[in-house]
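Engineer:
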Amino acid sequence: MPSAIALTPVTIALSTDSHSAPAEPPISANQSAQSGWRGLINAYRRYLPVTDQTPVITLHEGNTPLIPVPTIAAAIGRDVRVLVKYDGLNPTGSFKDRGMTMAISKAKEAGVKAVICASTGNTSAAAAAYARRGGIRAFVLIPDGYVALGKLAQALLYGAEVLAIKGNFDQALHIVRDMSEHYPVTLVNSVNPYRLEGQKTAAFEVVDALGDAPDWVCIPVGNAGNITAYWMGFCQYHQEQRCTKLPRMMGFQAAGSAPFIAGHPVEHPETLATAIRIGNPANWERAIAVQHASQGSFAAVTDAEILEAYRLLASNEGIFCEPASAASVAGLLKVKDQIPTGATVVCVLTGNGLKDPDTAISHSDNQLKHGIEPDLGIVAKAMGFE
Ligand SMILES: *Cc1c(COP(=O)(O)O)cnc(C)c1O
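Each residue of the sequence shown is one higher than the last, beginning at 13 in the numbering used here.
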């Protein structure tokens with residue numbers, strides 16, 4: 013094992029230094045820094061539908077931080093603990109990587125040559141990255157004009173074949189579903205069961221980090237795959253007695269595209285949170301089942317509330333998420349009177365703020381000061397120093 017050999021001199025050097033702390037036991041090859049975290053399939057293999065024959069297509073996704081956000085907890089005004097699961101730190105910048113490592117590994121195992129998805133952006137970025145890594149073609153259909161800049165940049169550079177259609181996400185999903193029935197392409201939207209299997213690992217990580225399940229999970233809802241996957245993960249861990257309780261699942265939709273609150277599909281969904289601009293969620297029945305089983309609820313947050321939470325997270329906590337992700341925190345603040353005192357709440361931050369620089373710049377309270385002369389006095393004065 014090359015890595016074990018490379019470590020030997022270090023171990024010797026330490027053990028000859030009589031003042032050093034007692035030498036640590038030799039590091040075995042599979043514990044070395046090189047292979048510390050090898051992606052969620054390797055970490056949670058026993059809970060996933062993979063075998064030794066499944067080729068693992070991974071970018072070492074998962075293992076994202078669960079970060080306390082005390083200013084959000086303070087805004088609730090009672091004794092509550094609030095943490096964010098920052099899944100924007102995955103390799104392509106969103107939780108979609110969790111599902112895609114599974115979907116693409118299983119596609120590869122089945123000998124698939126091409127995959128297809130409809131996407132508001134993040135699914136296409138993840139599908140493109142994992143498919144190309146697995147040597148598979150990726151076709152993506154996106155709603156023309158409604159995909160954030162960073163996501164489009166990713167899909168193009170990863171080498172997906174990107175088709176922008178003159179329609180919304182729901183129409184694009186309809187087409188790719190038909191495509192996968194009539195052509196040799198495998199669908200990797202969240203109706204692909206392996207996607208949810210991969211995504212449920214986020215719930216495992218939350219429990220592993222907290223030592224138990226939280227009381228509430230707040231989550232943005234688009235197609236409702238993620239809320240379903242989290243619930244699957246908590247239930248599986250509960251069955252295995254890795255946690256003693258189950259959380260209430262609180263799903264939040266943007267007010268302009270809130271079919272679960274309306275009780276019917278929304279034909280023309282609108283919101284600046286483009287990742288959840290979905291009028292007819294693909295996982296509709298599952299989401300309702302999760303709501304009932306977890307005694308959770310759905311609520312809508314306006315774009316103004318989303319932006320407020322988006323700015324709060326960045327300027328008070330140093331956490332930059334994309335607008336759709338901030339819907340989880342906006343929702344928590346909206347229903348804060350319902351939170352039991354002493355509760356632990358996890359808000360899921362589904363995607364990275366860098367995905368959508370346009371929204372950040374156009375909706376920041378902060379102004380860039382242009383055209384300052386490169387002169388110490390002028391710069392100091394511009395900073396407010398006299
Ligand atoms: C996909 C996505 C969502 C919505 O997740 P669903 O599983 O479709 O409900 C939310 N936020 C971001 C950033 C996403 O990419």
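Yeah, the Cβ is synthetic: ideal placement off N, Cα and C, and Gly gets one too.
1) Over the uninterrupted alpha helix (DSSP H) stretch that includes CYS247, give me the two end residues.
2) Could you work out which residue in ILE331, PRO80, ALA85 is closest to LEU95 when comparing CA atoms only?
3) Taking Cβ positions, are ALA138 and SER106 nearer each other than 8 Å?
4) DSSP puts CYS129 in a beta bridge; with which residues?
5) Between the segment 187-204 and the segment 256-271, can you find at least three pairs of beta-carbon atoms closer than 8 Å?
6) Count the other CB atoms within 10 Å of the CB of TYR195; is the residue buried (16 or more) or exposed (fewer)?
7) Just the Cα atoms here: how many angstroms apart are GLY237 and ARG298?
8) Looking at the unbroken alpha helix (DSSP H) that takes in THR371, where does it start and where does it end?
9) Would a C-beta distance cut-off of 8 Å place THR362 and ALA321 closer than the cut-off?
10) Using beta-carbon positions only, say whether ILE84 and VAL313 come within less than 8 Å of one another.
11) Could you say which of ARG189, GLN379, LYS367 lies nearest to ASN204 if we only look at CA atoms?
12) DSSP three-state call for SER106: helix, strand or coil?
13) Could you check whether the Cβ of ASN134 sits closer than 7 Å to any heavy atom belonging to ligand 1?
14) Assuming contact is defined by CB atoms lying nearer than 8 Å, are PRO271 and ASN295 in contact in what I supplied?
15) Kindly list the residues whose CB is nearer than 6 Å to the CB of TYR8, restricted to its own chain and excluding five residues on each side of it in sequence; keep chain order.
16) Would you list the residues sitting across from LYS97 in a DSSP beta bridge?
17) Using only the alpha-carbon positions, how far apart do ALA35 and THR356 sit?
18) Short of 7 Å in beta carbon distance, which residues of its chain neighbour ASN328, apart from the five on each side in sequence? Order them along the chain.
19) Assess contact between the segment 303-313 and the segment 260-275, defined as three or more Cβ pairs (one per stretch) separated by less than 8 Å. Is contact present?
20) In whole angstroms, what is the alpha-carbon distance linking ILE300 and PRO277?
21) Any heavy atom of ligand 1 within a distance shorter than 7 Å of the CB on PHE77?
22) What number of angstroms, rounded off, separates the C-alpha of GLU73 from the C-alpha of LEU388?
23) State the Cα-Cα distance for the pair ALA87 and LYS163, rounded to the nearest angstrom.
24) How many Å lie between GLU173 and ALA150 at the Cα?
25) For GLY223 and ILE148, what's the separation of their Cα atoms in angstroms?
26) Helix, strand or coil: which one does DSSP assign to ASP387?
27) Skipping 5 residues on each side, what residues in its chain have a beta carbon closer than 7 Å to that of ALA167?
28) Check whether the Cβ atoms of THR132 and THR286 lie closer than 8 Å to each other.
29) Compare the C-alpha of THR76 against each of GLY146, VAL92, PRO61, GLY100 and name the closest.
30) Taking the alpha-carbon of ALA400 as reference, which of ALA316, TRP49, GLN350, THR353 has the nearest alpha-carbon?
31) In whole angstroms, what is the alpha-carbon distance linking ASN54 and TYR242?
Structural biologist: If we stick to the structure as given:
1) Counting along the chain, the alpha helix (DSSP H) containing CYS247 begins and ends at 237-251.
2) Taking only the C-alpha atoms, the option nearest LEU95 is PRO80.
3) Cβ distance < 8 Å, so ALA138 and SER106 count as in contact.
4) Beta-bridge pairing links CYS129 to VAL152.
5) The segment 256-271 is not in contact with the segment 187-204.
6) Result: exposed.
7) One C-alpha to the other measures close to 8 Å.
8) 369-374 is the extent of the alpha helix (DSSP H) around THR371.
9) No, the pair does not count as a contact, with Cβ atoms beyond the cut-off.
10) No, they are not a contact pair.
11) Of the candidates ARG189, GLN379, LYS367, the one whose C-alpha sits nearest the C-alpha of ASN204 is ARG189.
12) In the structure shown, SER106 adopts extended strand secondary structure according to DSSP, grouped into three states.
13) ASN134 Cβ: within cutoff of ligand 1.
14) Going by C-beta atoms, PRO271 is not nearer than 8 Å to ASN295.
15) Given that the chain is displayed from residue 13 to residue 398, the structure contains no residue 8 and the question cannot be resolved.
16) Paired residue(s): LEU78, VAL360.
17) Any reading at ALA35 must be qualified, since the residue scores a pLDDT of 44, below 50, and its modelled position is unreliable; the value itself is stated next. Roughly 40 Å separates the two Cα atoms.
18) If the five residues before and after ASN328 are omitted, its C-beta is found closer than 7 Å to the C-beta atoms of THR83, all from its own chain and listed in chain order.
19) Enough Cβ pairs lie closer than 8 Å, so yes.
20) Approximately 14 Å, taken between the alpha carbons.
21) Reading off the sequence shown, one finds Pro at residue 77, where the question assumed Phe. The answer is no for PRO77.
22) Their Cα atoms are separated by approximately 45 Å.
23) Looking at the two C-alpha atoms, the distance is approximately 32 Å.
24) When rounded, the distance between both Cα atoms is 6 Å.
25) Roughly 39 Å separates the two Cα atoms.
26) The answer is coil: DSSP assigns ASP387 none of H, G, I, E or B.
27) Within the same chain, ALA167 has close Cβ partners SER136, ALA137, ALA140, VAL152, VAL174.
28) Yes.
29) The shortest Cα separation from THR76 among GLY146, VAL92, PRO61, GLY100 belongs to GLY100.
30) There is no way to answer for residue 400, as the model of the chain reaches only from 13 to 398.
31) Near 19 Å, if we compare the C-alpha coordinates of TYR242 and ASN54.
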